[in-house]
Each structure stands twice: as C-alpha cells, then as structure tokens.
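Quick note on numbering: the sequence shown equals residues 9 to 44 in the numbering used here. Beta carbons are placed, not taken as given, at the ideal position from N, Cα and C, and that holds for glycine. The model shown is predicted, which means the values in this text are computed figures rather than measured ones.
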Amino acid sequence: MNINFILLGQLLKKKDDYLSKQRQFLILYRLVKMHH
Numbered sequence: 009m010n011i012n013f014i015l016l017g018q019l020l021k022k023k024d025d026y027l028s029k030q031r032q033f034l035i036l037y038r039l040v041k042m043h044h
C-alpha cells in the first residue's frame, strides 16, 4: 500500500507538471496573439 501511494503521488506530480506547462504555454500564446 505504501508503494502504491508513492507511485500515485509521482503520477499526480507528473500530471501537475504537464498541466502547468500547458497553462504556461497557453498564457504565452495569448500574450503573443494580443501583441500581433
């Protein structure tokens, strides 16, 4: 159970990293789109 919890934590962390990167990209895209 402890190992599963650690794996789940790592999975969630990867998901959060991916979502934050996607969000940063969308923010940058909107900024670039506004300026042009």
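Span separating the alpha-carbon of residue i from that of residue j
i	j	result
D24	L34	15 Å
M42	S28	21 Å
L36	Y26	15 Å
L20	R38	27 Å
N10	Q18	13 Å
Cβ-heavy atom distance, residue i to the ligand MG, below 6 Å
i	result
K41	Judged by which ligands are present, the structure shown has none, so any question about the ligand MG falls away.
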